[in-house]
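Per my numbering, residue 7 is the first one in the sequence shown, and the count goes up by one each step.
In what follows, a structure is listed as structure tokens, so that the remarks can point back to it.
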Amino acid sequence: MDRRERLIARARQGFRLAYGVEPTRFFAAPGRVNLIGEHVDYNDGFVLPCAIDRETIVAAGPPAPQIREKLFEAVALDMGEMASARDRFDLVAPIRPGENNWQNHVRGVVQALGRYGHRVRPMRIAIAGDVPIGAGLSSSAAFGVAVALACSDYSGLDLAPEMLAKVAQLAENDFVGCACGIMDQMASAASVADHALLLDCRSLDFMPVPIHQSLAITVIDTGIRRSLTESAFNQRRAECEAVARHFGVKALRDLDFGTLLRGEPDLDHTLFRRARHVVGELDRVEPVGVALAKGDTAVLAQVMREAHLSLAEDFDVSLPPIDRLAQMVAEALGDAGGVRLTGAGFGGCLVAVARDDAGAAIDEAIGRYNDEADLPARAEVFRPISGAAEIMVG
Ligand code: GLA
7 MDRRERLIAR ARQGFRLAYG VEPTRFFAAP GRVNLIGEHV DYNDGFVLPC
57 AIDRETIVAA GPPAPQIREK LFEAVALDMG EMASARDRFD LVAPIRPGEN
107 NWQNHVRGVV QALGRYGHRV RPMRIAIAGD VPIGAGLSSS AAFGVAVALA
157 CSDYSGLDLA PEMLAKVAQL AENDFVGCAC GIMDQMASAA SVADHALLLD
207 CRSLDFMPVP IHQSLAITVI DTGIRRSLTE SAFNQRRAEC EAVARHFGVK
257 ALRDLDFGTL LRGEPDLDHT LFRRARHVVG ELDRVEPVGV ALAKGDTAVL
307 AQVMREAHLS LAEDFDVSLP PIDRLAQMVA EALGDAGGVR LTGAGFGGCL
357 VAVARDDAGA AIDEAIGRYN DEADLPARAE VFRPISGAAE IMVG
């Protein structure tokens, strides 16, 4: 059995144990790693993530026949800390927040579908996932998009990836309490296998960018988790919006470097640094996209280094051990590829985009880092898979 088959088997078994019958359909949505364009999605900018071969699977089936109310029932398995108990709620009454995270999340998705005018039928679901939680690989977006797809498809709605992503984002913003942008949900909903997704976060136009066959995507988990992530994330977002207001633009995407530099004397220095990261990062997306398609690792090395330093020094979302690890891996890679902090930051993962024969150099650098670090880092190569879809199970 491969990874996905095992996950499907667990979702199937969980469904059977919870409801005493077999599920009739299965849906999947992947996690993602962002290659470039960090903290720019909520500034209406361009981003370049790709889906990874770690997913949330939803097994779905009809509601219990003898129950008269319009009930939605859910059970979550295998979700690490999120796994606990079952949830059921009435689709006719107003949907109120549940007791813990995953329950809220399912309720939030069903409510968000309703707010976009889509009615969900009574159904039962079991959810299983293997996207690492809290690592910056968007386990939350995978969860939300998988549930949105299962609910909508099962209810006979054929929703575009953009709508699935918007539903999942609204659920997180309103029910889970994170002011996240749309990148993670779009990567989970719209990615194409062996490609990264160039996404315009303002229009939601997207274009798959091929990942050159000589390249491998390695995610290096620093092991560092930070509980402050949500409040610090929301604060960064508020700072960016403050700068946009200061310059009278809709979002930082509309600010050019010259205007920012001329305005520096009138701007609080922290706000200036935040904006310098965003405006600079926007210029890094296209070169990385081109280098990714061409397999130009020297460009990847240089631009990803700049991106990491900008996140560390201007956006203040890195930590000293992460900077140290990024530097050790960058030195080991030389021109063979780039490495930088990925995702929201404050811990989590580095991503390396490098020649596929550079794995030994990456491992060797991590080994040296682990000899001196408090927490061991771990590398894993991920395959860019396609976005959310129903799985036909024989
Ligand atoms: C988190 C958010 C995304 C994005 C990234 C930073 O993953 O959920 O919307 O803002 O951080 O690029």
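For glycine and all other residues, C-beta sits at the position ideal for the given N, C-alpha and C.
As the structure is a computational prediction, the values presented were derived from the model and not from experiment.
Less than 8 Å between the beta carbons of residue i and residue j, yes or no?
| i | j | result |
| --- | --- | --- |
| residue 372 | residue 364 | no |
| residue 320 | residue 280 | yes |
| residue 195 | residue 394 | yes |
| residue 37 | residue 137 | yes |
| residue 10 | residue 61 | yes |
| residue 130 | residue 67 | yes |
| residue 221 | residue 192 | no |
| residue 171 | residue 354 | no |
| residue 33 | residue 155 | yes |
| residue 56 | residue 144 | no |
| residue 405 | residue 270 | In the structure as shown, the chain begins at 7 and stops at 400. Residue 405 is therefore absent and cannot be evaluated. |
| residue 101 | residue 399 | no |
| residue 288 | residue 251 | no |
| residue 98 | residue 225 | no |
| residue 275 | residue 316 | no |
Just the Cα atoms here: how many angstroms apart are residue i and residue j?
| i | j | result |
| --- | --- | --- |
| residue 306 | residue 346 | 10 Å |
| residue 325 | residue 168 | 34 Å |
| residue 117 | residue 158 | 12 Å |
| residue 238 | residue 44 | 15 Å |
| residue 5 | residue 128 | Only positions 7 to 400 of the chain appear in this structure, which leaves residue 5 out of reach. |
| residue 359 | residue 25 | 44 Å |
| residue 96 | residue 75 | 7 Å |
| residue 387 | residue 362 | 9 Å |
| residue 261 | residue 92 | 47 Å |
| residue 323 | residue 348 | 10 Å |
| residue 88 | residue 185 | Note on residue 88: pLDDT 48, under 50, position unreliable in the model; no value is reported. |
| residue 83 | residue 218 | 36 Å |
| residue 54 | residue 272 | 33 Å |
| residue 247 | residue 311 | 26 Å |
| residue 236 | residue 134 | 24 Å |
| residue 338 | residue 368 | 7 Å |
| residue 63 | residue 266 | 45 Å |
| residue 231 | residue 352 | 7 Å |
| residue 52 | residue 71 | 47 Å |
In the DSSP assignment, the beta strand (DSSP E) including residue i goes from what residue to what residue?
| i | result |
| --- | --- |
| residue 401 | Limits of the chain in this structure are 7 at one end and 400 at the other, which puts residue 401 out of reach. |
| residue 355 | 355 to 361 |
| residue 213 | 212 to 216 |
| residue 129 | 129 to 135 |
| residue 13 | Per DSSP, residue 13 belongs to no beta strand (DSSP E); it is in the alpha helix (DSSP H), 9 to 25. |
| residue 385 | 384 to 388 |
| residue 42 | 31 to 42 |
| residue 278 | Looking at the DSSP string, residue 278 is not in any beta strand (DSSP E); the run it does join, the alpha helix (DSSP H), is 275 to 300. |
| residue 93 | 92 to 96 |
Go through its chain and collect everything with a Cβ distance to residue i's Cβ below 6 Å, but skip five positions before and after it.
| i | result |
| --- | --- |
| residue 297 | 305, 306 |
| residue 406 | The question about residue 406 has no answer here: the residues shown for the chain are numbered 7 through 400. |
| residue 48 | 187, 243 |
| residue 342 | 303, 360, 361, 364 |
| residue 21 | 29, 65, 132 |
| residue 216 | 201, 299 |
Suppose the cutoff is 8 Å on Cβ atoms and the five residues either side in sequence are ignored; what does the same chain contact list for residue i look like?
| i | result |
| --- | --- |
| residue 111 | 146, 149, 150, 153, 177, 178, 181, 182 |
| residue 121 | 176 |
For the alpha helix (DSSP H) holding residue i, just list the boundary residues, first then last.
| i | result |
| --- | --- |
| residue 113 | 107 to 121 |
| residue 149 | 145 to 160 |
| residue 74 | Note, residue 74: premise wrong, no alpha helix (DSSP H); not H, not E. |
For residue i, which residues from the same chain have a beta carbon less than 7 Å from its beta carbon, with the 5 sequence-adjacent residues on both sides left out?
| i | result |
| --- | --- |
| residue 374 | 334 |
| residue 199 | 390, 391, 392 |
| residue 268 | none |
| residue 382 | 229, 376 |
| residue 119 | 126, 154, 157, 158, 173 |
| residue 160 | 31, 66, 127, 129 |
Assuming residue i contacts residue j (C-beta within less than 8 Å), just tell me the rounded distance between them.
| i | j | result |
| --- | --- | --- |
| residue 58 | residue 39 | 5 Å |
| residue 295 | residue 203 | Between residue 203 and residue 295 the Cβ distance is about 10 Å, and since that is not below 8 Å, they are no contact. |
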